[in-house]
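Visitor: The structure's right below; bear with me while I get my questions together.
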Amino acid sequence: MSKNHTHWNGLEQYHAKPEFLQGQKDEFQEDLPIEETFSEEKLGLSTNRRDFLKIFGFGLTAAALTACVEKPVRKSIPYVIKPETVTPGVAAWYASTCGGCSAGCGVLVKSREGRPIKIEGNREHALNRGGVCATGQATVLDLYDNARIMAPKGKEGKMTWANVDAALGQVFGSAGKVAVVSNTITSPSGREIISKFLKRFPNGRHIQYDPVSYHALAAVHSEGGGMMTIPGYHFDKAEVIVSFEADFLGTFLSGPEFTKGWSKQRHLDPDHPKMSKHFQFESRMSLTGSNADLRIPMKPSQLAGALVALYNEIVGGSSAGFAGPGNAIKRAAKALKEAKGKSIVICGVNDVDMQAVVKAINTELRNYGATLDMSNPSYQAQGNDKAMMEFAKNVASYDAVIFLDDANPVYDYMGGADLAKNLEGVQSIYFGTKENETSKVCKYVLAQSHSLESWGDAQPRKNYFSIRQPLVRPLYDTRQWEECLLKWSGDGTTLYKFIQKTWAGINTSGSSFKSFWEESVRTGFVEVGVVAAAISELVDGEAHGDSHNDGDHEVARGVVGEEINVVVPTASFDAIGSVRTLSSAYQTGEKSAGFELVIFESTKIRTGRSANNPWLQELPDPISKVTWDNYISVPYAYATEQKWEDGMTITMSAGEASITAPIVIQPGQANGTLAIAVGYGRDKVIGKVGAGVGVDVYPMVSAKGDNFSYYGTVASITATGEKVDLAKTQTYIGYELEDKRGQIENRISDYIVKETTLGKYEENRASGNKRLSSHHMISLWDVHDKKGHHWAMAIDLNKCTGCGSCIVSCNAENNIPVVGKQEVLVRREMHWMRIDRYFKGDPSDQSGGLETLHQPMLCQHCDNAPCETVFPVLATVHSDEGLNQQIYNRCIGTRYCANNCPYKVRRFNWFSYYWNDDFKDVNYMQREKVGRLVLNPDVTVRARGVMEKCSFCVQRIQEKKLKAKTEMRRPHDGEIQTACQQSCPSDAIIFGDLNDGDSQISKLYRFNMRGYHALEDVKTLPSVLYMTKVRNKDEGDHAGSIEKENV
Amino acid sequence: MSTYISPIRNVEVQGGMNYHDVTETVLKPLESKPNKLWLMALGLSSIALAIGLYCIGYSLFVGIGTWGLDKTVGWAFDITNFVFWVGIGHAGTLISAILLLFRQTWRNSINRSAEAMTIFAVICAALFPLIHMGRPWLGAIWVFPIPNTRGPLWVNFNSPLLWDVFAISTYFSVSLVFWYLGLVPDFATVRDRAKNKIAKAVYGSLALGWNGSARTWYRFELVSLILAGLATPLVLSVHTIVSFDFATSVMPGWHTTIFPPYFVAGAIFSGFGMVQTLLVVMRKVYKLENMITMGHMEAMAKIVLLTGSLVGIAYGTEFLMAWYSGNHFESFAFVNRAFGPYAWAYWIMISCNVITPQLYWFKKVRTNMLLTFILSIFVNIGMWFERFVIIVTSLHRDYLPSSWSYYEPTWIEFGILLGTFGIFFTFFFLFAKFFPTVNMFEVKTIIHLPTQEEKTHEQQPAEVPVG
């Protein structure tokens, strides 16, 4: 820069000092210390040999140590290409057929992200019409049971299917006499596959048996040769029902279907009050008996007499020869005669004579063709007791025996122990989803796919076909038995094609097979068209008249008196002979003072198949409320006389068998009987849940003629002097407080369960339902403002049977933990929905004076909720839709809310059920990896120390609300269903929006005079409305009067 | 000394003690080496404390399920212990605050230990609302109205449990300050007499530079009076609020308007019971009979008699109202209480709280220290059972018979109960060793120094009952 600048910044510039000029050229005046700053030494990067070795050594060790830690691999892979049917977060529903029992109820299975998580009834299915029993719903949990057989195995250990095929190919190649043993197979394709397979052998037989058999009922209704048939019962058309020992609302054949029908007749229209009259004559207190209008307890031997008396009443108008509570029989007969063609007489005893007499009575009453449908009969009981007994005798003569579909005769056949012994020399093959007593003795144990992993079909009634479709690819190395048999019979077709072939045969729809098949898979159910028309004809047919002839159902008429005086002996079926046999059986039975044994099927574990299902083990028995055990029920009077208490163990022997089991004192049980349920006392191979629970009573089943008999004579009873704890969810029975019983009964009838009789209801729609006068209802609290929706529920106590289906539904929907026997014992079961059972009347009553009441109890979502005010940190608050919400994240677990809940519906997480090892076995659906697949992702698994309770299935409300919102509308009435409501086979639960004036629920709240709230005078203003129980009972039916009139 | 002493004025310090005697007697245990008896007692109570800590730790780790509670009985030992210990604390505040306001100078020799008892009892009590929670690690924070980022998420001012939080924390702070303030002049005495450096430093800092000037004394007296004024309503409010936990609920047996006065009477009753238990032993072991005189013991016995009878009347009133209300649930709850499955607990309560204290009508009983000790233990037992009866019998058979149950405690709960006694006595023994157990400066204000006349006549003052 030169001096000729006119402007200058400073003297340095003006003088143009060389340092300055240099400085102007360089951006930085001084040398930057780049070299020093970023040198290896300064940064500590220089590594000498020693440091290098140190670091290298450390690194190596660290890497080795880290590698030793087993980190669980968690696969969470998003869909690259989204499958068409799976939207994450949105449930898909598939129609299928329940695999719980032979009833073949139509179900819809909920699938989330490819895993089935819940089973609900299919409303479009003609049989169960939306209801499913507890056992059926619980089968979804069996899919994830870790006790499942995961791969086929032989005596030497695990096998591959290729090995199995080869090994069995050899076995079958040399076999001549082969048997396939199974319980009733309702699948038409399955039946065909079996017969196809058996044709391979010169002497192949298919033996079907049912652990709890209906063979006698089927025998009197079958023509021999073809399928065993049982009438299709139409309880929805039955105005009078007389049941002898048949638990048709529980375990008898098809519980949900019958409950649906029965409840239709219990629906009370306030404008035309009418309802069925239900008589029950039974020995033990069954679920059905507890719902009957008039229930007469009687010993099994007396049942025969009662049946004879009823027969005589109906046919000849005299009940001579029977000294039982004749008035009840007279009343039943009178009611039946008034409702000819609109009644059902049903008997649950597996005895040909009794069934024959029942058939005669029904025929006389013209019920066949009306309430009993023989043109579309039930195929649900194909079990042949006689065939089974013969097979068991000759089992050693067979070359190979295949036990299909979890069939377990070693356990559930009366001669199981001998059978197991005789099987030793036979090539035995077991096919099942789970190990059991039979698989234990079989040479080959083949892993069967669960019903939710299988293709299949079912034909529960002649004209009703339903489809079973797989919801998930088999979790383990399993096959369907149909698939295998098909393969082994040399048929090259796949099972899927085979089923399609069967269905092509029933396509009467007139449309192409493709569309018929697709439609069938979609709806899950098909009613074969042509025959359907015939049904309606029959049903409508009042025109049967005297000329009606139901084929072989013409029946003898006759009156059997003391001298067995046969009046009109004309018969193709010898009812008179049966009456005679029964009459003498009754007379001998009456003379013997000994105890009679009653063996029954429990409503949850059923025949024992569901024994390893924790939901069912923890489901309380509807009557005794016992979980996790079977027990001997003892009539109240006898137990009091002996000074026995619940849980004391007694040893009882009948025939050659003898068992020791705890007792439960059962009010209302017939004097002189002891009752116990089958399905318990299982081997440890069945899994950790059910093993060792209760005692096995199948060895006490006996043979009577060609049938299994579930009754016997108790040879000896000895009290062992020991006492075990029975885990009951309801410990108070009513008889403990002998002196205060009246007081408690008043409490129940005034504040908790209100009831009336039909006669009183006809006079006054509000009878039995004394509401508080309005000035009692003044509240100091502000009314909650509910602008949008106001959710509320109504429960019709007249329809609720107490079956417990809602409890399992709630368990599945809301991820409720199973806590095990020990915790139930300390009254910590977690069920959000429970069914309270109360008895009314004298517990020792034997003449119809004892009544049972069932009341579903869940969070009442009170408007003035006592829980909401006391909780210190606002973890339970009221929503503006009327829901009482429990905020798990906010809950600190003071339990104050639970203490202050008058309904005691709040449940506390006493332990970390999903983490604590003590709950590993029973709560595997929260604790184990595979088990967790059953959890509903919409509902949180609650942490320890948190209170929980019924949410009115808020996730289901939200789901449907969102759907409605996207469609720019309000949710329709009935669109939102809570889990309990959906599963209820008797439609006792109604849920909806009170702000919607047209909704069913708001009409009930406003107009139904039967509506009341439990504990109304606590002024909690619940959002659950109960509707008075109405019994179709006359004054004359009351306790005592029957006996008196009879004398 | 030529002050006039009224002949009707009670002689509250006996044995002709002078100022020096008082200091010597009170500070003897503090300044001497611990004796074997004390070491044994401390050892035992520490063992109890350790058991308690183990049980608390176990239930925190595994869950409340380790206790015997169920879906119907959500509170039992936990809240029983809570109310029991809060009640114990009441006598301390009553003695220190209310009796101060009423110028009952006889309280001067017992208020220190009674207040110490209050502090330790409230510590035991405060433990339970914390550990009874399912998730105390969250609850301990959330029960305080601390501003947070969660918007309107706040505590529920409707909840009596929240009122408890405020009531107990206020009570504890006021009691602690009051107690500590009263200790300051005595700490100064200890400081002045301390021979070892550490003791001097520790007591010196505890004494907060107390110099004993008239101005300091004046301010001290004034603050004491103000604190007494503040503490007095607390005597009534704390237990009133504790009783609201039950009274505001809807449970039959809990939902009773009589609860506030009934609980306060019960609390004073149980508090004095505990003071009796402690003082009978302490005055004997530490030879404080001249300061904690028979007159004191008798006065306390009379209060126990009075409050015990009040509680008895409350029991009767409850029954009467249950019958008179005509409410089915209410009358059932009370009949069930007396004749139901927990009748044994009810009758223990009645005998210990209502029947045995009636023995105090007899002077012979009041002045027999062994009997007083036994009766005071009965009072403690009875009052523990009173809370147990109220809580458990009301819950176990409430509205719906379907949910009725029978509660049985587990050993964990017994362990925790034992543990609170461990906490209480460990603290109390440490207090007895390291703190002046009798309020020396206040005792000195009421000391009766013999006049010249008395000296010449060697007249011993007659034993005059206090009160």
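Taken in sequence, the protein lines are chains Z and C. Under our numbering, residues 732 to 1778 are what the first sequence spells out, in order. Under our numbering, residues 2 to 468 are what the second sequence spells out, in order. Positions of the beta carbon are idealized from the N, C-alpha and C atoms, including for glycine.
#1: Specify the secondary structure class of C/GLY135 as computed by DSSP and reduced to three states.
#2: Could you work out which residue in Z/ASP1727, Z/ILE1396, Z/ALA1710 is closest to Z/CYS1541 when comparing CA atoms only?
#3: Based on DSSP bridge pairs, tell me the residues matched to Z/ASP1724.
#4: Taking its Cβ as the centre, do 16 or more other Cβ atoms sit within 10 Å of Z/ASN779, making it buried, or is it exposed?
#5: Could you give the residue range of the beta strand (DSSP E) that holds Z/GLN1788?
#6: Can you tell which of C/PHE432, C/MET441, C/VAL393, C/PHE426 has its C-alpha closest to the C-alpha of C/GLY75?
#7: Hey, does Z/GLN1616 have any beta-carbon neighbour from chain C nearer than 8 Å?
#8: For the beta strand (DSSP E) containing Z/TRP1219, name the first residue and the last one.
#9: Any idea what DSSP makes of Z/VAL1261, helix, strand or coil?
#10: DSSP has Z/ILE1566 in a bridge; who is on the other side?
#11: Quick one: residues in its chain with C-beta nearer than 6 Å to the C-beta of C/TYR55, no 5 flanking neighbours on either side, listed in chain order?
#12: Using DSSP with H/G/I as helix, E/B as strand and the rest coil, what is Z/ASP896?
#13: In this structure, how does DSSP classify Z/GLY1272 when only helix, strand and coil are distinguished?
#14: Helix, strand or coil for Z/VAL703 per DSSP?
#15: Compare the C-alpha of Z/GLN1111 against each of Z/ALA1131, Z/PRO1191, Z/TYR1129, Z/LYS1073 and name the closest.
#16: Could I get the ranges of all uninterrupted alpha helix (DSSP H) runs contained in the region 891-945 of chain Z, with 4 residues as the minimum, in chain order?
#17: Judging by CA-CA distance, which residue of Z/THR1358, Z/ILE1618, Z/GLY1412, Z/VAL1514 is the nearest neighbour of Z/THR1338?
#18: When the distance is taken between beta carbons, is C/TRP39 closer than 8 Å to C/PHE430?
#19: From this set, Z/THR1391, Z/SER1433, Z/ALA1401, Z/THR990, which residue's C-alpha is nearest Z/ALA1450's C-alpha?
#20: Within this structure, are the beta carbons of Z/ALA1127 and Z/VAL1172 separated by less than 8 Å?
#21: When you compare the CB of C/GLY69 with every CB in chain Z, is at least one pair closer than 8 Å?
#22: Under 7 Å Cβ to Cβ from C/VAL265, same chain only, skipping five residues before and after it: list those, please.
#23: Taking a cut of 7 Å between CB atoms, which residues from the region 324-350 of chain C lie near chain Z?
#24: If you draw a straight line from the alpha carbon of Z/GLN1400 to that of Z/PRO1366, how long is it in whole angstroms?
#25: Determine, using beta carbons only, whether Z/LEU1461 comes closer than 8 Å to chain C.
#26: Can you tell me whether Z/ILE1266 is buried or exposed? The criterion is at least 16 other CB atoms within 10 Å of its CB, across all chains shown.
#27: What three-state label does DSSP hand Z/LEU1756 in the structure shown?
#28: Looking at Z/THR1751 and Z/ALA1596, is the spacing between their C-beta atoms short of 8 Å?
#29: Which class does Z/ILE961 belong to by DSSP, given the choice of helix, strand or coil?
#30: Where does the unbroken alpha helix (DSSP H) through Z/VAL1132 begin, and where does it stop?
#31: Counting only C-beta atoms, is Z/ASN1022 closer than 8 Å to chain C at any point?
#32: Does Z/PHE983 get closer than 8 Å to chain C when you measure Cβ to Cβ?
#33: Starting from C/HIS91, trace the alpha helix (DSSP H) both ways and give me its first and last residue.
#34: How should Z/ARG1675 be labelled, buried or exposed, when 16 other C-beta atoms within 10 angstroms of its C-beta is the threshold for buried?
#35: What alpha helix (DSSP H) runs, 4 residues minimum, are completely inside the region 238-316 of chain C?
#36: In the DSSP assignment, what residue or residues form a beta bridge with Z/HIS1515?
Guide: Quick look at the numbers:
#1: Sequence index remark: in the second sequence, residue 135 of chain C carries index 134 (1-based). Judged by DSSP in its simplified three-state form, C/GLY135 adopts coil rather than helix or strand.
#2: The sequence position of residue 1541 of chain Z within the first sequence is 810, counting from 1. The shortest C-alpha separation from Z/CYS1541 is found at Z/ALA1710.
#3: Locating residue 1724 of chain Z in the first sequence gives position 993, where the first residue counts as 1. Z/ASP1724 is bridged to Z/TRP1522.
#4: In the first sequence, residue 779 of chain Z corresponds to position 48, counting from 1. Counting Cβ neighbours within 10 Å, Z/ASN779 comes out exposed, since fewer than 16 surround it.
#5: Outside the modelled stretch of chain Z, which goes from 732 to 1778, sits residue 1788 of chain Z, for which no answer is possible.
#6: Along the second sequence, read from residue 1 onward, the residue named residue 75 of chain C stands at position 74. It is C/VAL393 whose Cα lies nearest to the Cα of C/GLY75.
#7: Locating residue 1616 of chain Z in the first sequence gives position 885, where the first residue counts as 1. Chain C, which has no Cβ nearer than 8 Å to the Cβ of Z/GLN1616, makes this no.
#8: Position 488 of the first sequence holds residue 1219 of chain Z. Counting along the chain, Z/TRP1219 falls outside any beta strand (DSSP E), though it belongs to the alpha helix (DSSP H) covering 1212-1219.
#9: Your numbering for residue 1261 of chain Z matches position 530 in the first sequence. The predicted position of Z/VAL1261 is uncertain, since its pLDDT is 46 and thus under 50; no value can be drawn from it.
#10: In the first sequence, residue 1566 of chain Z corresponds to position 835, counting from 1. DSSP output for Z/ILE1566 lists Z/PRO1587 as bridge partner(s).
#11: As a first step, residue 55 of chain C must be located in the second sequence, where it is residue number 54. Closer than 6 Å at the Cβ level, and outside the excluded window around C/TYR55, lies no residue.
#12: Numbered from its first residue, the first sequence carries residue 896 of chain Z at position 165. Three-state result, Z/ASP896: helix.
#13: Here residue 1272 of chain Z is taken as the residue at index 541 of the first sequence, counted from 1. With a pLDDT of only 34 at Z/GLY1272, under the threshold of 50, the placement of this residue in the model should not be trusted; the figure read from the coordinates follows. Coil.
#14: Outside the displayed range of chain Z (732 to 1778) lies residue 703 of chain Z, so it cannot be described from this structure.
#15: On the first sequence, position 380 is the one that residue 1111 of chain Z refers to. If we check each option's Cα against that of Z/GLN1111, Z/PRO1191 comes out closest.
#16: 892-905, 919-929
#17: For this step, residue 1338 of chain Z is matched to residue 607 along the first sequence. Its Cα nearest to that of Z/THR1338, the residue Z/GLY1412 stands out among Z/THR1358, Z/ILE1618, Z/GLY1412, Z/VAL1514.
#18: Residue 430 of chain C sits at position 429 when you count from the first residue of the second sequence. Residue 39 of chain C sits at position 38 when you count from the first residue of the second sequence. Yes, they are a contact pair.
#19: Walking along the first sequence from the start, residue 1450 of chain Z turns up at place 719. Shortest Cα-Cα distance from Z/ALA1450 to any of Z/THR1391, Z/SER1433, Z/ALA1401, Z/THR990 involves Z/THR1391.
#20: Taking the first residue of the first sequence as position 1, residue 1127 of chain Z is located at position 396. Taking the first residue of the first sequence as position 1, residue 1172 of chain Z is located at position 441. Against a cut-off of 8 Å, the Cβ pair of Z/VAL1172 and Z/ALA1127 comes out as no contact.
#21: For the purposes of this step, residue 69 of chain C is identified with residue 68 of the second sequence, where counting begins at 1. Answer yes: the Cβ-Cβ gap between C/GLY69 and chain Z drops below 8 Å somewhere.
#22: Position 264 of the second sequence, counted from the first residue, corresponds to residue 265 of chain C. These residues qualify, in order along the chain: LEU237, HIS240, THR241.
#23: HIS329, PHE333
#24: For the purposes of this step, residue 1400 of chain Z is taken as the residue at position 669 of the first sequence. For the purposes of this step, residue 1366 of chain Z is taken as the residue at position 635 of the first sequence. Straight-line measurement puts the Cα of Z/PRO1366 at about 5 Å from the Cα of Z/GLN1400.
#25: Numbered from its first residue, the first sequence carries residue 1461 of chain Z at position 730. Checking the sequence shown, residue 1461 of chain Z turns out to be Gln, not Leu. Chain C, which has a Cβ nearer than 8 Å to the Cβ of Z/GLN1461, makes this yes.
#26: Position 535 of the first sequence, counted from the first residue, corresponds to residue 1266 of chain Z. Note that Z/ILE1266 scores a pLDDT of 34, beneath 50, so its modelled location is shaky and nothing firm can be said.
#27: Within the first sequence, numbered from 1, the residue matching residue 1756 of chain Z stands at position 1025. The answer is strand: DSSP assigns Z/LEU1756 an E or B state.
#28: What you label residue 1596 of chain Z is simply residue 865 of the first sequence in a count that begins at 1. What you label residue 1751 of chain Z is simply residue 1020 of the first sequence in a count that begins at 1. The answer is yes: Cβ separation under 8 Å.
#29: Here residue 961 of chain Z refers to the residue found at position 230 of the first sequence. Looking at Z/ILE961 - three-state DSSP - the assignment turns out to be strand.
#30: One-based indexing of the first sequence puts residue 1132 of chain Z at position 401. First-last for Z/VAL1132: 1131-1134, but that is the beta strand (DSSP E), not the alpha helix (DSSP H).
#31: As a first step, residue 1022 of chain Z is located in the first sequence; it is residue number 291 there, counting from the start. False, the Cβ-Cβ gap to chain C never drops below 8 Å.
#32: For the purposes of this step, residue 983 of chain Z is taken as the residue at position 252 of the first sequence. Answer no: the Cβ-Cβ gap between Z/PHE983 and chain C never drops below 8 Å.
#33: Within the second sequence, numbered from 1, the residue matching residue 91 of chain C stands at position 90. From DSSP, the alpha helix (DSSP H) with C/HIS91 extends over 78-94.
#34: Walking along the first sequence from the start, residue 1675 of chain Z turns up at place 944. When all chains shown are included, Z/ARG1675 counts as buried.
#35: 260-286
#36: As a working note, residue 1515 of chain Z is residue 784 in the first sequence. BP columns for Z/HIS1515 are empty, so no partner.
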